[in-house]
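Enquirer:
Residue numbers (the working numbering): 7 to 125.
(1) Please name the residue or residues paired with residue 97 in a DSSP beta bridge.
(2) Would you call the CB atoms of residue 126 and residue 40 closer than 8 Å?
(3) Considering only the alpha carbon of each residue, which of 64, 23, 48 and 30 lies closest to residue 124?
(4) State the Cα-Cα distance for the pair residue 96 and residue 118, rounded to the nearest angstrom.
(5) In the DSSP assignment, what residue or residues form a beta bridge with residue 86?
(6) With a cut-off of 8 Å, do at least 3 Cβ pairs link the segment 75-85 to the segment 54-63?
(7) Residues in its own chain within less than 6 Å of residue 106 by CB, not counting five upstream and five downstream?
(8) Specify the secondary structure class of residue 74 as computed by DSSP and reduced to three states.
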């Protein structure tokens with residue numbers, strides 16, 4: 007749907023790329039904030055799942071985004087997600103979204119709830 011391409015997925019770092027398409031943009035022709043948030047949320051969810059015990063799941067319970075700069079159609083966004091806290095019940099991740107030239111577009115901090123295996 008978003009067209010996310012994963013570049014690296016390890017417990018300490020998840021990196022991915024997203025090319026800004028016209029259908030991901032607002033009327034003035036810049037990437038929609040929801041696309042950025044969805045991109046970051048996907049990285050944080052994957053990062054959490056890489057560290058979960060067998061059978062456990064996760065869901066986002068809080069997300070905060072600081073939008074810094076716009077990205078036009080055709081721009082390639084790079085997301086880098088790192089852990090800020092990894093507890094038994096919650097994990098907090100920060101994703102920096104930049105352009106390929108390293109210009110900061112957004113910073114997303116999200117909290118993931120760890121869902122115990124049903125059994």
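Glycine residues also receive a C-beta, built at the ideal position from the N, C-alpha and C atoms. Computed from a prediction, not measured in an experiment: that's the story for all the values here.
Expert: On the basis of the coordinates in this document:
(1) 92 and 118
(2) The requested residue 126 does not occur in the structure, where the chain is confined to residues 7 to 125.
(3) 64
(4) 6 Å
(5) 21 and 102
(6) no
(7) 82
(8) coil
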